Each structure stands twice: as C-alpha cells, then as structure tokens.
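A.B. asks:
Protein chains in written order, with this note's numbering: chain P, 1 to 65; chain F, 66 to 394.
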C-alpha cells in the first residue's frame, strides 16, 4: 500500500496487509497524535488496510500557543 | 469496531472514552463536549457577538464551525504573520472556509498594516519568534474585539494545548501563570472577555472533526514553531496518554475543578492596575505615559531590514546544535 506521511510530506510503500494500529506501531507513530485516513475517510485502529489502499497518516500536534 | 451509540461501523476509536464512534455520533459527542464547556464555565450566550481568532489550522476552524453549528453568531479574525509560504497557505484555507460558508472574516497583515513580520520582529527585538507571534496576535485580537464592539473573543485552544501549558507552568512552579490558566478570562481593564470552548476536546478529536466535516486546513506545522518546548510537552503527555488513556483530561480538568479554586486568591491579587498606551491607547501594565509592548515591538521591527524565514530557521538550528553539544559534553 502507498502511505502518505506529513511534516515533511513524503510517500512510502508498505508491502502486505496491515491493521491500522499495527501500521502506526511499525512506523513508530503514536496513535494519540495521528489520524489514519483512507479515501478521505477516517479509519479506526482495528481496520484492515489492503495492499492497494492509499493511506494518509496525518499528524495532529500543532505548536501554537 | 462498532459505534458505542448506534452499533454501526465506527470511524474512530477514542481510548480515553473507552469508546468508538461512527461519524454522526462522533460529531454529536464533540458538540456535547463544547456545550458542556460553554455551560459549565459560562463562556457564551446565544445573543453574544463573538469574534473567533482563526489561523487556518484545525482547531480555530473547527471551533468556528462548531459555534455556527450550535447557533452562535461568530465572525472570524485572521492575522497574516508573514511567515513565508506557511502564512500564505494558512490565509488561503481561512478565506476559503469563510467564503464557502458566507461568514464574515477580517484580515490584518502585520507587514502591510504595521510594517513588519514575525521573522523580522524576532530578529529586531531578540524575542523568540513564538513570543513575538503570540504577543502580536493577542494585541490585535484584543484591539479587533474592542474596536468592533464584540462581546467575547473565542480561541481554539484544545485540551492538549491547555494540558501542555499547565505542564510547563507546573514544571517551573509559576504560581501566577497557574492561577491565570483559566478557560474564561473576564472582560476587565479594557481587555475583552476571552474563552476557550475546546478545552474538553483533544487535538486528535479536533483534527477528526475537520476530516469528518470536510474542512480543509493547514496540516503542515509552522516551520518556526516546529520542535519548540510546547510541542515537547505535548509529546511527553501523549506518551503518558498512550499507556493510561484519559491522563490529559484528568490532569487539566482536575486542575480546573480542584486546583484553580485554591489559586483563585492569587489570580485576584495579580489583577494589576493598567494605564492606556500613549501611542495606541491599549491597556498596558507599564508606567503612566509609556508605550505598550506591542507598540514597542512595532517601533523596533518596522524600521528593521526584513528578515527571511530561512534565516530564522538557520539560527534556530545552530542554537539547538550548540545546546546539544553542551548537553553531550
């Protein structure tokens, strides 16, 4: 599957199916500070992602005070 | 995963609520949390004229959207900070949001209206950029609210923001700041009332609100803020939250319930007298006949040669490298 990461924006290819929380753990990204989006729709932690999915992993932390 | 409310397919899991929600019931949960914050802290009335401080980011656009959704009258106010492409993009998101919904948005540009931008003011005054930025925005939000006859300024500070600030204040035991860290600052001494309706909602929930509602916002981080201390505090709290969901809410909302009343006397004694700034008439804590901090910043920054974002970033990187070398030695 194609995975789009942000800050900075980049794309990586992951081989094989994954559950959302498994993918985040594999990439070392905390669930509390990221959303996983497939085709503009949020996907929860236990959802299985397919090999031909395009996934955006969106960070949610902002630094303004 | 199934929605806790309707048992339909969930789109988000929220460990701190030990629950999953579908889109409809996730939005319902967010609205209820905002309504509870507004009610519990007497933030807003339906007849209030509200000015929302918007940045083009998820929180400020979400709070504007939620208030309109709940039937409040709310206009937007945006400050163009002059942080290169980041500012241009964030302004675009804000203007499109307002245009698409027919909402009133006022834009003030630091460069066009006051002759400086954040990178330049940082260099001209020696302030860290986030300090110059925060001070400029606070002054201009206050001014816009007073000049425009608004009853209250709304900001998009969320649970993570407030927990991180609380963490920083507690690390330094800054008792005066702790005493003032409240979700409502009443109108006084020429300052407008300010409220934070998102204090019961996390950063992740606000980003999810925007995705579900189809709100485009600037996802990229401010290049100058990246890696600042405030973000470090958020990451530390998120590490605790991962192991013990609900920690951030318990920490901050528990502070409001049990610690803020203890500190109330300190907050009241800190209500210093103010005098009007000689130049702009804004209230200032300085001596009578003096300029306010914003006018001093404008005076020094607007006469300084413009400084690029890249130069500030380069300086910041070399400072961090030096700090790291000292720490390792």
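Glycine included, each C-beta is placed from N, C-alpha and C at the ideal position.
Just so you know, these numbers come straight off a predicted model, no measurement behind them.
Please decide whether residue 39 of chain P counts as near chain F, where near means a Cβ-Cβ distance under 8 Å.
C.D. replies: Taking the first residue of the first chain as position 1, residue 39 of chain P is located at position 39. It does not: the Cβ of residue 39 of chain P has no partner Cβ on chain F nearer than 8 Å.
A.B. asks: Let me check understanding here. Comparing Cα to Cα, which of F:115, F:167 and F:181 lies closest to residue 147 of chain F?
C.D. replies: Counting from one through the second chain, the residue named residue 147 of chain F turns up at place 82. Nearest C-alpha to residue 147 of chain F: F:181.
A.B. asks: Is there a C-beta anywhere in chain F that falls below 8 Å from the one on residue 4 of chain P?
C.D. replies: Numbered from 1 along the first chain, position 4 holds the residue referred to as residue 4 of chain P. Residue 4 of chain P does not count as touching chain F.
A.B. asks: Using a beta-carbon distance below 8 Å, is residue 146 of chain P in contact with chain F?
C.D. replies: The structure shown does not extend to residue 146 of chain P, since chain P spans only 1 to 65, so no value can be given for it.
A.B. asks: Just the C-alpha distance for residue 128 of chain F and residue 348 of chain F, rounded to the nearest angstrom, thanks.
C.D. replies: Reading the second chain from its first residue, position 63 is the one you call residue 128 of chain F. Reading the second chain from its first residue, position 283 is the one you call residue 348 of chain F. Straight-line Cα distance between these residues: approximately 28 Å.
A.B. asks: How is residue 79 of chain F classed by DSSP in three states: helix, strand or coil?
C.D. replies: What you label residue 79 of chain F is simply residue 14 of the second chain in a count that begins at 1. In the structure shown, residue 79 of chain F sits in a strand (DSSP, three-state: E or B).
A.B. asks: Any idea what DSSP makes of residue 56 of chain P, helix, strand or coil?
C.D. replies: Numbered from its first residue, the first chain carries residue 56 of chain P at position 56. Looking at residue 56 of chain P - three-state DSSP - the assignment turns out to be strand.
A.B. asks: If you drop the 5 nearest sequence neighbours on each side, which residues of the same chain put their C-beta closer than 8 Å to that of residue 67 of chain F?
C.D. replies: Position 2 of the second chain holds residue 67 of chain F. So the list reads 73, 74, 75 and 85, once near-sequence residues are dropped.
A.B. asks: Contact check, residue 116 of chain F vs residue 210 of chain F under 8 Å by CB: the rounded distance?
C.D. replies: Within the second chain, residue 116 of chain F is the residue found at index 51, counting from 1. Within the second chain, residue 210 of chain F is the residue found at index 145, counting from 1. Going by Cβ atoms, the distance from residue 116 of chain F to residue 210 of chain F rounds to 5 Å, so yes, they are a contact pair.
A.B. asks: Give the interface partners of residue 66 of chain F over in chain P, defined as CB-CB distance under 8 Å, in chain order.
C.D. replies: The sequence position of residue 66 of chain F within the second chain is 1, counting from 1. Chain P residues near residue 66 of chain F: 44, 45, 46 and 47.
A.B. asks: Work out the CA separation of residue 247 of chain F and residue 331 of chain F for me, nearest whole Å.
C.D. replies: Locating residue 331 of chain F in the second chain gives position 266, where the first residue counts as 1. Locating residue 247 of chain F in the second chain gives position 182, where the first residue counts as 1. The alpha-carbon atoms of residue 331 of chain F and residue 247 of chain F are separated by roughly 13 Å.
A.B. asks: Please list, in chain order, the chain F residues whose beta carbon lies closer than 7 Å to that of residue 35 of chain P.
C.D. replies: The residue labelled residue 35 of chain P in the question sits at position 35 within the first chain. Chain F residues near residue 35 of chain P: 269, 272, 273 and 276.
A.B. asks: Between the segment 351-358 of chain F and the segment 166-174 of chain F, can you find at least three pairs of beta-carbon atoms closer than 8 Å?
C.D. replies: As far as the Cβ criterion goes, the segment 166-174 of chain F does not touch the segment 351-358 of chain F, which means the pair count is below three.
A.B. asks: Less than 8 Å separating the beta-carbons of residue 29 of chain P and residue 60 of chain P?
C.D. replies: Translated into the one-based positions of the first chain, residue 29 of chain P becomes position 29. Translated into the one-based positions of the first chain, residue 60 of chain P becomes position 60. Result no, Cβ atoms of residue 29 of chain P and residue 60 of chain P do not sit closer than 8 Å.
A.B. asks: Entirely within the segment 146-203 of chain F and at least 4 residues each: give me those alpha helix (DSSP H) ranges in chain order.
C.D. replies: Qualifying alpha helix (DSSP H) stretches, in chain order: 149-166, 175-179 and 183-190.
A.B. asks: Mind checking whether the beta-carbon of residue 115 of chain F lies closer than 7 Å to any heavy atom of the ligand FAD?
C.D. replies: The ligand FAD is not part of this structure, which contains no ligands at all.
A.B. asks: Using three-state DSSP, classify residue 65 of chain P as helix, strand or coil.
C.D. replies: The sequence position of residue 65 of chain P within the first chain is 65, counting from 1. Legend: pLDDT at residue 65 of chain P = 49, less than 50; position of this residue unreliable, no value from coordinates given.
A.B. asks: Considering only residues of the same chain and omitting the five flanking positions on each side of residue 215 of chain F, which have a CB-CB separation below 7 Å?
C.D. replies: As a position in the second chain, residue 215 of chain F is number 150, starting the count at 1. Around residue 215 of chain F: 114, 115, 116 and 257.
A.B. asks: What separation, rounded to the nearest whole angstrom, lies between the Cα atoms of residue 7 of chain P and residue 285 of chain F?
C.D. replies: For the purposes of this step, residue 7 of chain P is taken as the residue at position 7 of the first chain. For the purposes of this step, residue 285 of chain F is taken as the residue at position 220 of the second chain. Cα to Cα, the separation comes out at about 6 Å.
A.B. asks: Here's the rule I'm using: 16 or more other beta-carbon atoms within 10 Å means buried, otherwise exposed. How should residue 192 of chain F be labelled?
C.D. replies: Working through the second chain from its first residue, we reach residue 192 of chain F at position 127. Answer is buried; the Cβ neighbour count reaches 16.
A.B. asks: For the segment 297-306 of chain F against the segment 87-98 of chain F, are there 3 or more C-beta pairs whose distance is under 8 Å?
C.D. replies: Counting Cβ pairs under 8 Å, fewer than three are found: no touch.
A.B. asks: What are the boundary residues of the beta strand (DSSP E) that residue 34 of chain P is part of?
C.D. replies: The residue given as residue 34 of chain P occupies position 34 in the first chain. Here the beta strand (DSSP E) through residue 34 of chain P covers 34-38.
A.B. asks: Once you ignore the five residues that flank residue 23 of chain P on each side, which residues in its own chain have a CB closer than 6 Å to its CB?
C.D. replies: Your numbering for residue 23 of chain P matches position 23 in the first chain. Hits under 6 Å: none found.
A.B. asks: Within the same chain, show all residues whose beta-carbon is closer than 8 Å to that of residue 71 of chain F, passing over the 5 residues directly before and after it, in chain order.
C.D. replies: Within the second chain, the letter at position 6 stands for residue 71 of chain F. Excluding residues within five positions, the ones whose Cβ falls inside 8 Å are 87, 89 and 90.
A.B. asks: Residues of chain P with CB under 9 Å from residue 296 of chain F, in chain order?
C.D. replies: Taking the second chain and counting its residues from 1, one reaches residue 296 of chain F at position 231. Correct list: 61, 62 and 63.
A.B. asks: What separation, rounded to the nearest whole angstrom, lies between the Cα atoms of residue 329 of chain F and residue 26 of chain P?
C.D. replies: As a first step, residue 329 of chain F must be located in the second chain, where it is residue number 264. As a first step, residue 26 of chain P must be located in the first chain, where it is residue number 26. Going by the C-alpha atoms only, they are around 46 Å apart.
A.B. asks: Tell me, please, whether the CB atom of residue 15 of chain P is closer than 8 Å to any CB atom in chain F?
C.D. replies: Start at 1 with the first residue of the first chain, and residue 15 of chain P comes out as number 15. For residue 15 of chain P, the answer is no, since every Cβ of chain F falls outside 8 Å of its Cβ.
A.B. asks: Under 8 Å between C-beta atoms, does residue 159 of chain F make it to chain P?
C.D. replies: In the second chain, residue 159 of chain F corresponds to position 94, counting from 1. Closer than 8 Å: no.
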